[in-house]
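Working notes, structure below.
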Amino acid sequence: MAKTLPLKGIRVINFGWVWAGPVVGQTLAFLGAEVLKIESRQRLDMTRTLPPFAEGKPGPDRSLSNHACWAGNGSVSLNLKEPEARELVLQLIAHADVVVENFGPGAMERLDLGYDRLRQVKPDIILFSMPAAGLYGPLEHVRTYGLSLTSLTGLDSLVGYKGGGPIPVENAFSDPLAGIFGAFAIIAALNHRRNTGQGQHVDFSQQEAVMQMVGPAYMDYVLNGRVGGPKSNEHPLNAAAPHSVFPCRGDDRWISIAVQTEAEWKGLISAMGDPEWARADEFSTMRVRLANIDALHARIAEWTARHDDRALAEQLQRHGVAAAPVLNVGDLLHDPHYASRATFVEVEHPLGFQETIYGAYVKMSRTPPDVRPGPMIGQDNDHAFREVLGLSEERYRDLVERKIIY
Amino acid sequence: MTGVVAESASRASAPGVGALSGIKVLDFGQMVSAPYCAKLFSDFGADVIKVEPPGGDAARQAGPFPGDVAHPEKSGLYFINNTNKRGTTCDVSVAAGRELFTGLLRWADVLIENNVPQQMSAWNLTYPQLQAINPNLVMISITPFGQTGPYSGWNGYDLNAFHLTGASSRYCGRPGEMPLEHGTFSADYYGAIAGATWGMAAVYGRDLVGGGQQVDVSCAEAIAATFVGGQNIGLVAQEGRFDKRTGVGMPLGAPATIVPCKDGHVWMLALERGQWEGLCRVMGDPEWASLEMFQDMFVRAQNADIMYSFIQEWTAQHTKMEIMEKCQAAGCPITAVFTIAEAAEQPHLKARDYFVDIEHPDLGRVRNLGAPFKLPASPGGPVRPAPRLGQHNAEVYSGLLGLREAERASLQAKGAI
Numbered sequence: 001m002a003k004t005l006p007l008k009g010i011r012v013i014n015f016g017w018v019w020a021g022p023v024v025g026q027t028l029a030f031l032g033a034e035v036l037k038i039e040s041r042q043r044l045d046m047t048r049t050l051p052p053f054a055e056g057k058p059g060p061d062r063s064l065s066n067h068a069c070w071a072g073n074g075s076v077s078l079n080l081k082e083p084e085a086r087e088l089v090l091q092l093i094a095h096a097d098v099v100v101e102n103f104g105p106g107a108m109e110r111l112d113l114g115y116d117r118l119r120q121v122k123p124d125i126i127l128f129s130m131p132a133a134g135l136y137g138p139l140e141h142v143r144t145y146g147l148s149l150t151s152l153t154g155l156d157s158l159v160g161y162k163g164g165g166p167i168p169v170e171n172a173f174s175d176p177l178a179g180i181f182g183a184f185a186i187i188a189a190l191n192h193r194r195n196t197g198q199g200q201h202v203d204f205s206q207q208e209a210v211m212q213m214v215g216p217a218y219m220d221y222v223l224n225g226r227v228g229g230p231k232s233n234e235h236p237l238n239a240a241a242p243h244s245v246f247p248c249r250g251d252d253r254w255i256s257i258a259v260q261t262e263a264e265w266k267g268l269i270s271a272m273g274d275p276e277w278a279r280a281d282e283f284s285t286m287r288v289r290l291a292n293i294d295a296l297h298a299r300i301a302e303w304t305a306r307h308d309d310r311a312l313a314e315q316l317q318r319h320g321v322a323a324a325p326v327l328n329v330g331d332l333l334h335d336p337h338y339a340s341r342a343t344f345v346e347v348e349h350p351l352g353f354q355e356t357i358y359g360a361y362v363k364m365s366r367t368p369p370d371v372r373p374g375p376m377i378g379q380d381n382d383h384a385f386r387e388v389l390g391l392s393e394e395r396y397r398d399l400v401e402r403k404i405i406y
Numbered sequence: 407m408t409g410v411v412a413e414s415a416s417r418a419s420a421p422g423v424g425a426l427s428g429i430k431v432l433d434f435g436q437m438v439s440a441p442y443c444a445k446l447f448s449d450f451g452a453d454v455i456k457v458e459p460p461g462g463d464a465a466r467q468a469g470p471f472p473g474d475v476a477h478p479e480k481s482g483l484y485f486i487n488n489t490n491k492r493g494t495t496c497d498v499s500v501a502a503g504r505e506l507f508t509g510l511l512r513w514a515d516v517l518i519e520n521n522v523p524q525q526m527s528a529w530n531l532t533y534p535q536l537q538a539i540n541p542n543l544v545m546i547s548i549t550p551f552g553q554t555g556p557y558s559g560w561n562g563y564d565l566n567a568f569h570l571t572g573a574s575s576r577y578c579g580r581p582g583e584m585p586l587e588h589g590t591f592s593a594d595y596y597g598a599i600a601g602a603t604w605g606m607a608a609v610y611g612r613d614l615v616g617g618g619q620q621v622d623v624s625c626a627e628a629i630a631a632t633f634v635g636g637q638n639i640g641l642v643a644q645e646g647r648f649d650k651r652t653g654v655g656m657p658l659g660a661p662a663t664i665v666p667c668k669d670g671h672v673w674m675l676a677l678e679r680g681q682w683e684g685l686c687r688v689m690g691d692p693e694w695a696s697l698e699m700f701q702d703m704f705v706r707a708q709n710a711d712i713m714y715s716f717i718q719e720w721t722a723q724h725t726k727m728e729i730m731e732k733c734q735a736a737g738c739p740i741t742a743v744f745t746i747a748e749a750a751e752q753p754h755l756k757a758r759d760y761f762v763d764i765e766h767p768d769l770g771r772v773r774n775l776g777a778p779f780k781l782p783a784s785p786g787g788p789v790r791p792a793p794r795l796g797q798h799n800a801e802v803y804s805g806l807l808g809l810r811e812a813e814r815a816s817l818q819a820k821g822a823i
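Sequences listed follow chains A and B, in order. The first sequence begins at 1 in my numbering and counts up one residue at a time. The second sequence begins at 407 in my numbering and counts up one residue at a time.
Shown next as structure tokens:
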């Protein structure tokens, strides 16, 4: 018997595409919702065409990165260019609780699937929209990519080497973050619906959601008029020193070390074997360590460079110092911590191949989720059209033949 | 301006109208992760009681402080992550304090905390122990490494968690130089948000699934899985290959990176044909742009150094807003890299009432970031300032737990409050 998950009974129609929108659906699915992603062979989502492909064979149901990012979503294929497909999707929405979309503002209205229309078929529907900069305002139609959206939040201006300009983060950190955050907004709206019977149209501006991360630097601006900039790996509020990553033995191996308390500083000195320099006045208190942080970091780097990152992290931990190896992507699969937490799991795809994706990235003691492979296009058509809508065999076949269901 | 502030304040969540009204939460955390997670509950209408050790949340010592003068009631970090909460103090390491905390646990639906597991254990506050006190309790534990696994007992901060994810090695920094964090507490925030989402689902479905549970969040794992793993784990598992940071926004297509301009930087992006043509139009269709070596995003990437030097000759003469406005109008997704000041003063965010002014007893009237998303039927966002240390001790311990004045004084004498 399938276990009962907390969002069991919630049905989500997900128009989300590329990354952030699918992660909203994935998160809700991990938590027990039935999520039907609406997509079409007529206009493939770009991420279905990204290599690498399972077993090296290209195909829209074989993109490994697409699967990891979309796993958990179901898939219903409808060519929304066709009015009949839009009529069918409205019928599905009449049987749903939540609709998710990450198009630009106005796109749902152009499909005649705006909030007012959805309410006609489901009065308490929750429509969740997550445009880059919200549903209204001067930047309403701003064009960004996921990886550049953060430039509008001030976050990008903080990333880089001390004294230099901003360094781009090379992928869209904001996409999965906004996807998970969006699921929180939806569960909050579900809770309001339970309290009051009311649905609503959630205006989730990715810019505003991600800008929350800038809070500490924002406060320094508000309180002191200070405008922060790149500072390598130093503490965001200058409240810890040392605070950086340091080179270790080997190619591109590093260790992160952060010292916030006197006990940790003493632990670090003792782990280093009590070197003379560490007793100098210029490093004796947090205040002076912060003032002399470049010299401090240079000293520590000389020491770490002679050590293996993992062994050194373990040694420092034994002295109570917050230290950890800096992992690269190749380390993730074999790292004992992630292995022990089953962060990455191998699942069997319906097409017969094994694929490695991430599983429950949060552990629930009572309701651990089911981990499913990436969805095949249209894999839930039978369920959606036969079971949910109760279409006759004849009508279903006709819709498939005419590529309305496609 | 005051009209806007008053209006947004009146629309924002007072207890009883927010989406999460009726949910009772204990915030037993410090610094960023657990407090921000609990703020997501309090800003959307839950009744959140913050329980601080007698010395206060470490955020009170972290700043930023006005004029850099440290003061436990003037920390900007504490101010921004603890709005709409009531504040109490309790020393759970003494028997009387633990007793008091137990009373609060019976009242609560949710406990949010970010202590290392062995500390919770030392306080006799493990999930099985709490479950015995309140079987319906949802306990959201947010730590750098999580509750299980070989690193779960490690000392760690945001920095250690972030660099354990592969994100910095893969995506952030120049090759050969140190990988970078974001300049903020990104792992803490990420874990806080994941904890709020999964934790709120556990609350929502509590009757359905038959009771409370522990929601175990490792900040490192959440990022390693969803950000890094999503796009990379398939390749490394199947082919044993993986990529590393390049220092360039997108190494395989161009232009796609941050470039300097007259007054700062812009995110230069013109990959698709229409975008590139739009950019060229804005630049005045320079001759170089028609060269064979710049005809599509892939060859442009192969000739990136030359192309970026041409582009920067142009950007150096124009401001970030001028470039953004003209390029956006030409269909090109180029944006200004806002400084913190520019982000904070954006007309767009002001038009959306994103900023909220809060009256604080020690800081005065201070502007704050508003709700992270808009729920029109049940608006959220900060309304009440972060509490002073122990501000609501009397209200909570007498009002809520029904302690008499004398009992409270005796607990205070024992150091429990």
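By construction, the Cβ of each residue, glycine as well, lies at the ideal position given by its N, Cα and C atoms.
Could you name the residues of the same chain whose beta carbon sits closer than 6 Å to that of Glu479 (chain B), not counting the 5 residues immediately before and after it, in chain order?
Here residue 479 (chain B) is taken as the residue at index 73 of the second sequence, counted from 1. Contacts found: Asp768 and Arg794.
Tell me, please, whether the segment 52–60 of chain A touches the segment 13–25 of chain A by the rule of three or more beta-carbon pairs shorter than 8 Å.
No: the two stretches stay apart, fewer than three of their Cβ pairs being nearer than 8 Å.
Give, in chain order, every residue of the segment 609–632 of chain B whose Cβ lies closer than 9 Å to some Cβ of chain A.
Within the segment 609–632 of chain B, contact with chain A at the beta-carbon level (separation under 9 Å) is assigned to Val609, Tyr610, Gly611, Arg612, Leu614, Val615, Gly616, Gly617, Gly618, Gln619, Gln620, Val621, Asp622, Val623, Ser624, Ala626, Glu627, Ala628, Ile629, Ala630, Ala631 and Thr632.
Between Met213 (chain A) and chain B, is the shortest Cβ-Cβ distance under 8 Å, so that the two count as touching?
By 1-based counting over the first sequence, the position of residue 213 (chain A) is 213. Yes, Met213 (chain A) lies at the interface with chain B (some Cβ there is under 8 Å from its Cβ).
Which of the three DSSP states, helix, strand or coil, is assigned to Ile546 (chain B)?
By one-based count along the second sequence, residue 546 (chain B) stands at place 140. Note: Ile546 (chain B) maps to strand in three-state DSSP.
Boundaries of the beta strand (DSSP E) in which Phe344 (chain A) is found, first to last residue
Against the first sequence, residue 344 (chain A) aligns to sequence position 344. Its beta strand (DSSP E) spans residues Phe344 to Glu348.
Under 8 Å between C-beta atoms, does Asp649 (chain B) make it to chain A?
Sequence index remark: in the second sequence, residue 649 (chain B) carries index 243 (1-based). Closer than 8 Å to some Cβ of chain A, the Cβ of Asp649 (chain B) qualifies, so yes.
Pick from A:His192, A:Pro230, A:Met219 and A:Gln206 that is closest to Cys578 (chain B), judged by C-alpha positions
Numbered from its first residue, the second sequence carries residue 578 (chain B) at position 172. Nearest to Cys578 (chain B) by C-alpha distance, out of A:His192, A:Pro230, A:Met219 and A:Gln206, is A:Pro230.
Among A:Leu399, A:Ser392, A:Arg341 and A:Ile404, whose alpha-carbon lies nearest the alpha-carbon of Gln553 (chain B)?
The residue labelled residue 553 (chain B) in the question sits at position 147 within the second sequence. When only C-alpha atoms are compared, the closest one is A:Arg341.
Should Ala188 (chain A) be flagged as near chain B, meaning a C-beta pair shorter than 8 Å?
Here residue 188 (chain A) refers to the residue found at position 188 of the first sequence. By this cut-off, Ala188 (chain A) is an interface position.
For a contact meaning CB atoms closer than 7 Å, what does Tyr577 (chain B) contact in chain A?
Position 171 of the second sequence, counted from the first residue, corresponds to residue 577 (chain B). Neighbourhood of Tyr577 (chain B) in chain A, by CB distance below 7 Å: Val169, Glu170 and Asn171, in chain order.
So, using beta-carbon positions, are Pro523 (chain B) and Gly559 (chain B) closer together than 8 Å?
Residue numbering aside, residue 523 (chain B) sits at position 117 when the second sequence is read from its first letter. Residue numbering aside, residue 559 (chain B) sits at position 153 when the second sequence is read from its first letter. Taking 8 Å as the cut-off, the beta carbon of Pro523 (chain B) is found closer than this to the beta carbon of Gly559 (chain B).
Can you look up Ser63 (chain A) in the DSSP assignment and give me helix, strand or coil?
Locating residue 63 (chain A) in the first sequence gives position 63, where the first residue counts as 1. The answer is strand: DSSP assigns Ser63 (chain A) an E or B state.
Below 8 Å between beta carbons: does that hold for Val329 (chain A) and Val642 (chain B)?
Within the first sequence, numbered from 1, the residue matching residue 329 (chain A) stands at position 329. Within the second sequence, numbered from 1, the residue matching residue 642 (chain B) stands at position 236. Yes, the pair counts as a contact, with Cβ atoms nearer than the cut-off.
Rank B:Leu677, B:Ile518, B:Arg512 and B:Asn530 by C-alpha distance to the C-alpha of Asn540 (chain B) and give the top, closest one.
Mapped onto the second sequence, residue 540 (chain B) falls at position 134. Comparing Cα-Cα distances from Asn540 (chain B) to each of B:Leu677, B:Ile518, B:Arg512 and B:Asn530, the minimum goes to B:Arg512.
Among A:Ala258, A:Asp45 and A:Gly215, nearest to Asp564 (chain B) - alpha-carbon criterion
The residue given as residue 564 (chain B) occupies position 158 in the second sequence. Nearest C-alpha to Asp564 (chain B) among A:Ala258, A:Asp45 and A:Gly215: A:Ala258.
Let's test the definition: count the other Cβ atoms within 10 Å of the Cβ of Lys456 (chain B) and tell me whether it reaches 16, buried, or not, exposed.
Looking up residue 456 (chain B) in the second sequence gives position 50. With 16 or more other Cβ atoms within 10 Å, it is buried.
Asp124 (chain A) - DSSP class collapsed to helix/strand/coil
Along the first sequence, one-based indexing puts residue 124 (chain A) at 124. Here Asp124 (chain A) sits in coil by DSSP.
Whether or not the segment 601–610 of chain B and the segment 184–200 of chain A are in contact is what I'm after, with contact meaning three or more pairs of Cβ atoms, one per stretch, closer than 8 Å; do they touch?
Short answer: they touch.
Pairing CB atoms from the segment 163–174 of chain A with CB atoms from the segment 342–350 of chain A, are three or more of them under 8 Å?
Counting C-beta pairs closer than 8 Å gives fewer than three between the segment 163–174 of chain A and the segment 342–350 of chain A, which falls short of the contact rule.
Could you tell me which whole alpha helix (DSSP H) segments of length 4 or greater appear in the segment 440–471 of chain B?
Within the segment 440–471 of chain B, the runs of alpha helix (DSSP H) that reach at least 4 residues and sit entirely inside it are, in chain order, 465–468.
So which residues of chain B does Trp254 (chain A) contact, with C-beta pairs closer than 9 Å?
Counting from one through the first sequence, the residue named residue 254 (chain A) turns up at place 254. Here the neighbours are His569, Ser574, Ser575, Met584 and Pro585.
Could you tell me whether any Cβ in chain A is nearer than 8 Å to the Cβ of Pro460 (chain B)?
In the second sequence, the residue the question calls residue 460 (chain B) occupies position 54. With 8 Å as the cut-off, Pro460 (chain B) does not count as an interface residue toward chain A.
Let me know the secondary structure DSSP gives Met1 (chain A) once reduced to three states.
Your numbering for residue 1 (chain A) matches position 1 in the first sequence. Since pLDDT at Met1 (chain A) reaches only 40, below the 50 mark, its modelled position is unreliable, and no value is offered.
Assuming Asn774 (chain B) is part of the beta strand (DSSP E), what are its boundary residues?
Numbered from its first residue, the second sequence carries residue 774 (chain B) at position 368. Element bounds for Asn774 (chain B): Gly770 to Leu775.
Rounded to whole angstroms, what's the CA-CA distance from Ala660 (chain B) to Leu677 (chain B)? Just pull it up for me.
Indexing the second sequence from 1 puts residue 660 (chain B) at position 254. Indexing the second sequence from 1 puts residue 677 (chain B) at position 271. Roughly 6 Å separates the two Cα atoms.
For the segment 71–111 of chain A, list the beta strand (DSSP E) runs that are entirely contained and at least 3 residues long, ordered along the chain.
Along the segment 71–111 of chain A, the beta strand (DSSP E) occurs as fully enclosed runs of 3 or more residues at 74–77 and 98–101, listed in sequence order.
To the nearest angstrom, how far is the alpha carbon of Cys733 (chain B) from that of Leu685 (chain B)?
In the second sequence, the residue the question calls residue 733 (chain B) occupies position 327. In the second sequence, the residue the question calls residue 685 (chain B) occupies position 279. Taking the straight line joining both Cα atoms gives about 6 Å.
Minimum Cβ-Cβ distance from Ile357 (chain A) to chain B less than 8 Å
In the first sequence, residue 357 (chain A) corresponds to position 357, counting from 1. Ile357 (chain A) counts as touching chain B.
Just grab the DSSP bridge partners of Cys733 (chain B) for me.
Taking the first residue of the second sequence as position 1, residue 733 (chain B) is located at position 327. None, per the DSSP bridge assignment.
Ala783 (chain B) vs Gln317 (chain A) beta-carbon contact at 8 Å:
Taking the second sequence and counting its residues from 1, the one referred to as residue 783 (chain B) is at position 377. Taking the first sequence and counting its residues from 1, the one referred to as residue 317 (chain A) is at position 317. Going by C-beta atoms, Ala783 (chain B) is not nearer than 8 Å to Gln317 (chain A).
Restricting to Cα atoms, I'd like to know which of B:Asp613, B:Ser715, B:Gly572 and B:Val615 is closest to Leu332 (chain A).
In the first sequence, the residue the question calls residue 332 (chain A) occupies position 332. Of the candidates B:Asp613, B:Ser715, B:Gly572 and B:Val615, the one whose C-alpha sits nearest the C-alpha of Leu332 (chain A) is B:Gly572.
Is there a Cβ from chain A that is less than 8 Å from the Cβ of Ser696 (chain B)?
Locating residue 696 (chain B) in the second sequence gives position 290, where the first residue counts as 1. Under the Cβ criterion of 8 Å, Ser696 (chain B) is not counted among the residues facing chain A.
So what's Val475 (chain B) in DSSP terms, helix, strand or just coil?
Against the second sequence, residue 475 (chain B) aligns to sequence position 69. Note: Val475 (chain B) maps to coil in three-state DSSP.
Residues of the segment 735–747 of chain B in Cβ contact with chain A at a cutoff of 9 Å, in chain order, please.
Taking 9 Å as the Cβ-Cβ cut-off against chain A, the residues of the segment 735–747 of chain B that qualify are Gly737, Cys738, Pro739, Ile740, Thr741, Ala742, Val743, Phe744, Thr745, Ile746 and Ala747.
Give a yes or no on whether the minimum CB-CB distance between Asn73 (chain A) and chain B is below 8 Å.
The residue labelled residue 73 (chain A) in the question sits at position 73 within the first sequence. No, Asn73 (chain A) lies away from the interface with chain B (no Cβ there is under 8 Å from its Cβ).
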